[in-house]
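Novice: FYI, the working numbering numbers position 51 of the sequence shown as 664, with every residue one higher than the one before it.
The structure that follows is given in the form of structure tokens.
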Amino acid sequence: MNLDQALQTFVAESRELLEDMESALLAVGQAESRAEPVNAIFRAAHTIKGSAGLFGLDHIVAFTHAVESVLDEVREARIEVTGQLLALLLSCRDHLSRLIDTVAAGRLEADDAMSEAAAPLVRQLREVLGTLPEAGLPVADVRGQAHAGTFERIEGSGSGASDYWHISLRFGPDVLRNGMDPMSFIRYLGTIGRIVGIATLADAMPADETMDPERCYLGFEIAFHSETDKASIENVFEFVRDDCRLCILPPHSKISEYVKLIHELPEEVPRLGEILIRCGSVTAGDLEHALAEQAAAKPQQRLGEILVEQGAVPGVVVDAAIAKQQHVSDQFRARETRSIRVDADKLDHLINLIGELIIASASANLVARRARNDELQEAASTLSSLVEEVRDGALQLRMVKIGASFNRFQRVVHDVSREIGKDIRLVVSGEETELDKTVIEKIADPLTHLVRNAMDHGIEPAELRAARGKPAQGTVRLNAYHDSGSIVIEVGDDGGGLKRDKILARAVERGLVEPGRSLSDAEICNLIFEPGFSTADKVTKLSGRGVGMDVVKRNITALRGTVEVQSEEGVGSKVIVRLPLTLAIINGFLVGLGGSTFVIPQDMIEECIEFSSEVGHDYTNLRGEVLPFIRLRELFGAGGSAGRRESIVVVNYAGKKAGLVVDTLLGEFQTVIKPMGKMFANLRCISGSTILGNGEVALILDVPMLVQEVANQSTQAA
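The following block contains the structure:
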């Protein structure tokens, strides 16, 4: 990893930390115990500051230090968390986000615009503290301080004589290759305390001719004086925590604490000397001296006995180290959980290739059947099975939990509620629900508009809520769950609900509905999605201009989804969005209609039955249940004669059943979804296309639209 790659990692991790910071800030006001979210906020700021210091991003370090100073006072309960302070810290978080964005854009130095933006925030932070030290951090100069022999050893009395922290640090061999400067960590350590003594060790340094100039051989034994805690010292080395061996012992450590530290060492199988060095019981020099004496002893003496005789370490510590070594040796090494970052474009390219592989596999199957070669058919079948597994695995890579997107709306609700002067909270459920990353990215804007609309239009003012016997605080709810191969996202509120009479009157006024026409509640509610439609008495910054809801519906429809509204006046409203789990590849079911082939998403199919119905009827008896159906031949104007034995494919969408009358059933088919061209953008009841194994194109039926078509026919008949 070069410096540019390390900087990209810093940017990515900082953005994740800022998201965590925002979530924790929004959770502080609602949490019963504020200690945990406050500590999370402090850790995020501290980690960003430390990482920025490694890259010489002094302007980020300086600003974050000012924020951290306030957070430290909050942690110590010397500053009370108020709504005004949370708003200030959220503004600081936003400024940090902009600073990180400038780094991502390649600007590593502070510019005048950013400095001007930071100035009022720093001034407010100083006002909170009363007397805030300068934001710039002092840089400790450790040159000339390094000398060995300054560290106290454990005495037999049972406690260490040292008044200082003892830090034993060994950098990994790849630290330099990763663009890290070991001395920068030592300098940064000096900003939170005083380095009393430091010994620079190069125990692993090879001979000159075998030394790798890109490999790090450094280690440090440090005596450190500070009033801070152990976690703060560990955070200094957080950016290289996985590339170094770090051991920290507090002042006046007891022997029992050294023993405890040995038991808490990672589950590895190190040598006895390595265990003692890791826990800070002995220095590398002590160990080398003991090993030399062990090599010279005849008969050879045990290493632990030599260390005890030399007074380097008490016997009880050696016994604990030996017990630890034996315990670990009897166990398997735990597997390390690893995760990697993959560029989204590479993942999309993989999905596209798998789509082409599915089409090629279908073609191979067709050739095998035509050849009537048993071995070829068996190989093609095995290939299809493997391709299906690869497809499922690849699609799973793109499936992400919707919780991260939901949590972002905590900030939206917080900011908008302050802007419009309403007390509103957000309740989130179904965060574990997974769907395609592409769908999540494209649904973010429609959901944002729905949430803001619910807050502005839905939630009533506090006085009106009190008059209606409701709590003063309004509630907006976000929920997600899976249903019939789709994901359902609900945006609800406990506000006043939609006023149907007012909506209908406005629709008649604008000519959208004929005067005197009777509409169902669902039809009236759906009028709000008409372009330019609004019932607001006045225009606000958030709504009232009649734009937004039509865009929401258009964007959701473009994702092959549907949106509907349920509302009860005086109780609240709920907008229900249904979306496909993925936009790339689905399991389909092929049906024949004349000389054409169509695909029905398999997740929406309940069953297939033989067609039976009285002449002139558009419904049938399904085990005592009335099942309305639609004749696809008539809908699409298919040519040719109908088959001798027509079938009905029973589909289920949003809890509604309908039948699709087809000529033939052709079986399952892995369907690679290809979007329709602009020329066919307004084609009804068709959601896309796919390529069959023989090279022909099959159209994918839009089941939600077909179910709606059946519902419309039933309404007209009634």
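Ideal Cβ placement from N, Cα and C applies to all residues, glycine included.
None of the values given here were measured: they were computed from a predicted structure.
Who are the near neighbours of LEU989 in its chain, counting only those whose CB is closer than 6 Å to its CB and skipping five residues on each side?
Specialist: Answer for LEU989: ALA981, listed in chain order.
Novice: If we call anything under 8 Å between Cβ atoms a contact, is GLU1044 one with ILE1015?
Specialist: It is a contact, given that the beta carbons lie within the stated cut-off.
Novice: Rank THR1051, LEU1008, ASP633, GLU693 by C-alpha distance to the C-alpha of ARG647 and give the top, closest one.
Specialist: The candidate whose alpha carbon is nearest that of ARG647 is GLU693.
Novice: What residue does the alpha helix (DSSP H) around SER1147 start on, and which one ends it?
Specialist: No alpha helix (DSSP H) contains SER1147, which DSSP labels as neither H nor E.
Novice: Need the endpoints of the alpha helix (DSSP H) that SER710 sits in, please.
Specialist: 696 to 717 is the extent of the alpha helix (DSSP H) around SER710.
Novice: What separation, rounded to the nearest whole angstrom, lies between the Cα atoms of VAL1051 and ARG691?
Specialist: A small correction: the amino acid at residue 1051 is Thr; Val does not occupy that position in the sequence shown. Computed Cα separation, rounded: 45 Å.
Novice: Between the C-alpha atoms of PHE623 and GLY719, what's the straight-line distance to the nearest angstrom?
Specialist: Between PHE623 and GLY719, the C-alpha separation is close to 13 Å.
Novice: Drop a sphere of 10 angstroms on the beta-carbon of THR995, count the other beta-carbons inside from all chains shown, and report buried for 16 or more, exposed for fewer.
Specialist: Exposed: under 16 other Cβ atoms inside 10 Å.
Novice: With DSSP as the reference, identify every bridge partner of GLU1223, one or two as the case may be.
Specialist: The partner list for GLU1223 (beta bridge, DSSP) reads SER1260.
Novice: When DSSP builds the beta bridges, which residues end up paired with HIS1095?
Specialist: The partner list for HIS1095 (beta bridge, DSSP) reads ILE1100.
Novice: Does the stretch 963 to 980 come into contact with the stretch 1178 to 1198, if we say contact requires no fewer than three beta-carbon pairs (one atom in each stretch) closer than 8 Å?
Specialist: The stretch 963 to 980 vs the stretch 1178 to 1198: in contact.
Novice: So, at 6 Å on beta carbons, what are the nonlocal neighbours of ALA640 in its own chain, with the 5 sequence-adjacent residues on each side left out?
Specialist: So the qualifying residues of the chain are PRO650.
Novice: Does the beta-carbon of GLU729 have 16 or more other beta-carbons within 10 angstroms, so that it is buried, or is it exposed?
Specialist: Answer is exposed; the Cβ neighbour count stays below 16.
Novice: Hey, how far is the Cα of ARG1024 from the Cα of GLY1290?
Specialist: Approximately 38 Å between the Cα atoms of the pair.
Novice: GLY1087 by DSSP, collapsed to three states: which one?
Specialist: Correct three-state label for GLY1087: strand.
Novice: Report the three-state DSSP secondary structure of VAL1029 (helix, strand or coil).
Specialist: Correct three-state label for VAL1029: helix.
Novice: When we look at the beta-carbon of THR1303 and count the other beta-carbons within 10 Å, is it buried (16 or more) or exposed?
Specialist: Classification of THR1303: buried, given that the 10 Å Cβ count is 16 or more.
Novice: If you draw a straight line from the C-alpha of GLU626 to the C-alpha of ASP707, how long is it?
Specialist: Spanning the two alpha carbons is a distance of roughly 16 Å.
Novice: Relative to the alpha-carbon of VAL1212, which residue among ALA619, ARG1021, LEU1312, LEU1008 has its alpha-carbon at the smallest distance?
Specialist: Of ALA619, ARG1021, LEU1312, LEU1008, the residue nearest in Cα terms is LEU1312.
Novice: Grouping DSSP H, G and I as helix and E and B as strand, with all else coil, what is TYR801?
Specialist: Correct three-state label for TYR801: helix.
Novice: Given a cut-off of 8 Å, decide if PHE676 and LEU712 are closer than it, judged by their beta-carbon atoms.
Specialist: Yes, the Cβ-Cβ distance between LEU712 and PHE676 is below 8 Å.
Novice: For GLU840, which option in ASP787, THR660, PRO863, ARG800 has the closest C-alpha, if you only look at C-alpha atoms?
Specialist: When each option's Cα is compared against that of GLU840, the closest is PRO863.
Novice: Here's the rule: buried if 16 or more other CB atoms are within 10 angstroms of the residue's CB, otherwise exposed. What is LEU750?
Specialist: Below a pLDDT of 50, predicted positions are generally treated as unreliable, and LEU750, at 32, falls in that range; the measurement from the model is reported next regardless. Classification of LEU750: buried, given that the 10 Å Cβ count is 16 or more.
Novice: Grab the span of the alpha helix (DSSP H) containing ASN1295 for me, first residue to last.
Specialist: Here ASN1295 belongs to no alpha helix (DSSP H), and DSSP marks it neither H nor E.
Novice: For GLY724 and GLY663, I'd like the C-alpha separation in whole angstroms.
Specialist: According to the sequence displayed, residue 724 carries Asp and not Gly. If I take the Cα positions, the gap works out to 21 Å.
Novice: Closest to LYS1166 by C-alpha separation, out of GLY1185, ASN848, GLU1143, GLU1182, would be which residue?
Specialist: When only C-alpha atoms are compared, the closest one is GLU1143.
Novice: Just to confirm before moving on: does the CB-CB distance between LEU1203 and SER1099 stay below 8 Å?
Specialist: For LEU1203 and SER1099, no; Cβs fall outside 8 Å.
Novice: Measure the alpha-carbon distance for LEU960 versus ASP794 and round it to whole angstroms.
Specialist: Straight-line Cα distance between these residues: approximately 33 Å.
Novice: Kindly provide the ranges of any alpha helix (DSSP H) runs that are 4 or more residues long and lie completely inside the stretch 1012 to 1069, ordered along the chain.
Specialist: Those alpha helix (DSSP H) runs which fall completely within the stretch 1012 to 1069 and span 4+ residues are 1016 to 1033, 1050 to 1066.
Novice: In the DSSP assignment, what residue or residues form a beta bridge with TYR1266?
Specialist: According to DSSP, which records beta bridges pairwise, TYR1266 is partnered with LYS1269.
Novice: Starting from ARG829, follow the alpha helix (DSSP H) in both directions and report where the run begins and ends.
Specialist: Correcting the residue identity first, residue 829 is Cys in this sequence and not Arg. That residue, CYS829, is in no alpha helix (DSSP H); it is neither H nor E in DSSP.
Novice: Mapping the DSSP letters down to three states, classify ILE673 as helix, strand or coil.
Specialist: Residue state, collapsed to three classes: helix.
Novice: Distance, Cα to Cα, ALA1085 vs HIS1095?
Specialist: For ALA1085 and HIS1095, the distance between alpha carbons rounds to 33 Å.
Novice: Between the Cα of GLY1185 and those of HIS1027, GLU1103, SER998, LEU701, spot the shortest distance and give me the residue it belongs to.
Specialist: Comparing Cα-Cα distances from GLY1185 to each of HIS1027, GLU1103, SER998, LEU701, the minimum goes to GLU1103.
Novice: Taking the alpha-carbon positions, what's the GLY1252 to ASP1163 distance?
Specialist: Distance between the alpha carbons of GLY1252 and ASP1163: 37 Å.
Novice: Where does ASN1234 sit, in a helix, a strand or coil, going by DSSP?
Specialist: Reduced to three states, the DSSP call for ASN1234 is strand.
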